[in-house]
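Protein chains in written order, with my numbering: chain A, 96 to 376; chain B, 31 to 280; chain C, -11 to 252. One structure is given here, and the rest of the page talks about it.
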Amino acid sequence: MGGSSIANETVGVSSGREGITFYQIITNTYLLYTVSLISFFLVWDRVAAWQVFGDSLARPHIVALKLYDLTQIKFAGTNLGGHIWASTQRVLIGFSLASFFAVPLGLFMALNRYANAIVKPIFDLFKPMPPIAWVSISILWFGVGEFSKIFIISIGTFVPCLLNSYNGIRLIEPELYDVIKVLGGSRKDEVVQVSFPASFPAIFAGLQISLSVAWTCLLAAELMNARDGMGFLIKRGMDTHQPSLVLGGMILIALMAWLSSLLISLMERKLCPWKRSIDNL
Amino acid sequence: MGNNESHVKIRVNNLTKRFGDLTVLDKICFEIKTGELVAIVGPTGCGKTTFLNTLSKLMPATDGDILIDGEEASPRKHNISYVFQEPTCLPWRTVRENVAYGMEVKGIPKKERMERTDRIMELVGLSSCANLYPNQVSASMMQRIAVSRAFAVEPDLLLMDEPYGQLDVKLRYYLEDELISLWQKLKSTVLFVTHNIEEAVYVAERILVLSNKPTCVKAEITVDLERPRSFLDPQFMEIRHQVTELIRWW
Amino acid sequence: MAYEEIVVKKPLPLIALPCLSVAAFLLFWEWIVVSGTVPSVLLAPPSQVFTVFMDKLGNPNPDGAILAVHAWTSLQEAFIGYSLSLLVGIPLGLAMGWFRIVEGLIRPIFELIRPIPPIAWIPLTVFWFGIGLTGKVFIIWIAGIVPCVINSYVGVRMTQPTLIQMARTYGATDWQIFHQLCIPSALPMVFGALQIALAYCWTNLVGAELLASDTGLGYLITMGGRLGRPDIVVLGMVCVGISGAILGFIIDCVERRLLAGIRR
């Protein structure tokens, strides 16, 4: 009876005495996942085959073939691996650069209110500005080379990194500090024993957000102007009207974004094993 | 009336619950008469909560029957109420709406629902805060809301899972008296689970003592004392001692 | 009054410093351009941005439309895309949180599409819908729907289990539990999504306009860049920032109103 609800696993999981019912079969998670994925690809394939969007949607196996081809031949100077690496490299550099400066600055702002009073208003000015809006001016400043792309990625990732480390410390429960105070600890003990570890989860949340922003910024930069990278593949597909190339590029960038966020999650699990995760999405 | 009192309301036969290889409940059998207040005590971790969850049909039993008036128990057909250990109030409903919630689910017409709500709230002294929200009242008030809601549906069986376990002693005495008076006025059949032996002897007409896992009914003690009971009554202390001996593990 | 009002005095520097730092920032910006440290072809000083702002209010040159038209186009696209993403995302997320079948069928597809940055859809939308309104609304919709679904889903999942058990013991049906318990308890999370979705929508709107558009604030930025007019670029950025902040503020007020409505 309670089988169709999943908000509380402890209530509905046991199957009861009636044996396997039809209802339980159709609500089996793996069956549903399979049905869902198969129908997704089927619909995609049919929509493409029936030319609902004219010739502007490629069938799934064409996209796969296209990606396979790209691993074999050199396209605009390099093969598929080269394009993936070009993009990943930009994200890595921009992301590390920004987080390297933003996280300590955020922590420092939260711990020192004078620093906060000076720096925070300037960030409040920049905060509502979407990072993508920087694309044009960075091209104006740094041309179309590597540096302008890294600049956009850094700008985009800087703000969420900083704000999350800042909030991570601001939102610590004051009782935790009392523990240290009662034991006679100094301000330094408070910072090292409480502030840093307690802000870890928030910092990682910030890194996750930054990372997804980084990929978006990278894509915007590469779509505007690039000679290699996954965004370049998409852009080239757009200019030469090859939907298979566009879709291939989209799949690759989604895959990389997903992998990199997985990496951050693994790091977080390693570094803060005490953090209980509420959502399993 | 005398004939009615001996009528068996709830009959539990061979109730068994296994989680894989672990047998938690082992062939539990007992009966509860109409309008009886039965307490269940047992050592820590003897599966009291599993027992209640199985009885209330929140969890399916592995084996055995639970019969209410001779029929297989079902939340849709029978009125089973459950007062949980922690307060269960819907934060977005006022105290009055919370008390009425059980009846609303049961589909009781609005007019009757309002009348019954008002009556119960009068009995437990919630009338003054009828239009407040749960986060505006104290923890003991929240538990009273849950108790009122449970009584309001006029349940065939009312299950209480250590409802006063988290309250301080003074409030606890007060609420126990309130529970007894509610039970006497509304003549519900109540099954009261607790780890506090004194509480069990104070409220119950009969006490079922559970054993360690796999749990079964180890003993049954009738508490035939005048109400209001006194903790210092020699008979009271005698029964308390008897129950304590039964569940001690040292 | 039995209580004396306690006034916590902020040290004077904490009030003065923020104003000073913003003023210093603007002055520094003005100075580096005017003094020639940064060539004026690369950056426009605040004063020039203001002049160009006054000019663009009535002058469609050099990018083809006056400022109000650009702003109106952007707002229109943002509004339609945002509303659509709320309309689809919130019910979908709520249903995914409670109904096993909906979750099983939708979640794999959602997880496939989620990691694709929304602006990666731009080429396809240009193929499918051209560079008009529809394409951009589609991209904004894709961007906004993700936080809506996630927050509503998590909100339903975080419903207190004992409340559900309580309702079950009274014999409540799944549907009753869903709309009497899960939806109200998910509401704060759902309102939280309003703000996040807006930020996503706004960012991706600018991206979409930068790359495929003929009006809008993002287009203004691109044109400024192509024409080598840093004043126009900065003006576009400032406008995007300010309108984003205003929208965020409006949503914040709405959110507070709604939350106060259920908490009272």
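We put the beta carbon where it would ideally sit given N, CA and C, even for glycine.
Nearest CB-CB separation between C:Gly195 and chain A: below the 9 Å threshold. If you draw a straight line from the Cα of C:Val22 to the Cα of A:Tyr163, it comes to about 54 Å. Proximity of chain C to A:Phe299 at the Cβ level (cut-off 8 Å) is not reached, the minimal Cβ distance being about 17 Å.
Annotation: B:Arg278 is outside any alpha helix (DSSP H) and is labelled neither H nor E by DSSP. In summary, the residues of the segment 110 to 130 of chain B whose CB is separated from some CB of chain C by less than 7 Å are Ile110, Ser111, Tyr112, Phe114, Glu116, Thr118, Leu120, Trp122, in the order they occur in the chain. Between B:Leu212 and B:Ser170, the C-beta spacing is not below 9 Å. At least one C-beta of chain C is nearer than 9 Å to the C-beta of A:Trp353. Rounded to the nearest whole angstrom, the C-alpha separation of A:Ala205 and B:Ala91 is 54 Å.
Residue burial is scored here from C-beta neighbours: B:Cys59 has fewer than 16 other C-beta atoms within 10 angstroms and is therefore classed as exposed. Closest in C-alpha terms to B:Thr147, from the list B:Pro164, B:Asn128, B:Tyr232, comes B:Asn128.
The C-alpha of B:Phe222 lies about 38 Å from the C-alpha of A:Glu270. Using a C-beta cut-off of 8 Å, the segment 112 to 122 of chain B makes no contact with the segment 141 to 159 of chain B, since fewer than three inter-stretch Cβ pairs fall below that distance. The DSSP-derived three-state label of B:Cys76 is coil. In this structure, A:Pro225 is the residue among A:Ile133, A:Phe170, A:Pro225 with its C-alpha nearest to the C-alpha of C:Val222. When the Cα atoms are used, A:Trp353 and C:Pro103 turn out to be separated by approximately 6 Å. In this structure, the straight-line span from the alpha carbon of C:Arg95 to that of A:Ser131 is close to 8 Å. Residue range 93 to 98 is occupied by the beta strand (DSSP E) that includes B:Leu97.
Partner residues in the beta bridge of B:Thr53, as assigned by DSSP, are B:Arg48.
Taking 9 Å as the cut-off, the beta carbon of B:Val220 is found no closer than this to the beta carbon of B:Glu61. Chain A places no beta carbon closer than 9 Å to that of C:Ser62, leaving this residue out of the contacts. Beyond the five residues adjoining it in sequence on each side, A:Phe190 comes within less than 6 Å, by CB distance, of Thr252, Ala309 in the same chain, given in chain order. What B:Ser86 touches in chain C, judged by beta-carbon distance under 9 Å, is Gln153, Arg156, Thr157, going in chain order. When DSSP states are grouped into helix, strand and coil, C:Tyr158 belongs to the coil group. The beta carbon of C:Glu91 sits closer than 9 Å to some beta carbon of chain A.
By the criterion of at least three beta-carbon pairs nearer than 8 Å, the segment 137 to 149 of chain C is in contact with the segment 164 to 175 of chain C.
When the Cα atoms are used, C:Ala200 and A:Ala316 turn out to be separated by approximately 14 Å. Scanning chain B for C-beta atoms nearer than 9 Å to the C-beta of C:Pro172 yields Leu120, Pro121, Trp122, Arg123, reported in chain order.
Rounded to whole angstroms, the Cβ separation of B:Gly94 and B:Leu45 is 4 Å, and the two are in contact under 8 Å. Between C:Gly204 and A:Pro223, the C-beta gap is not smaller than 9 Å, which leaves the two residues out of contact.
With contacts defined as CB atoms closer than 9 Å, A:Leu342 and A:Leu126 fail to qualify as a contacting pair. The shortest CA-to-CA distance from A:Leu306 to any of A:Ile157, A:Val158, A:Val147, A:Ile188 is the one to A:Ile188. At a cut-off of 9 Å between beta carbons, C:Pro96 contacts chain A.
The C-beta of B:Arg174 has 16 or more other C-beta atoms within 10 Å across all chains shown, which makes the residue buried. A:Asn320 and A:Phe327 have their alpha carbons spaced roughly 8 Å apart. Ranked by how close their Cα comes to the Cα of A:Ala300, the residues A:Gly280, A:Cys256, A:Leu278 have A:Cys256 in first place. The Cβ of C:Cys7 sits closer than 9 Å to at least one Cβ of chain A.
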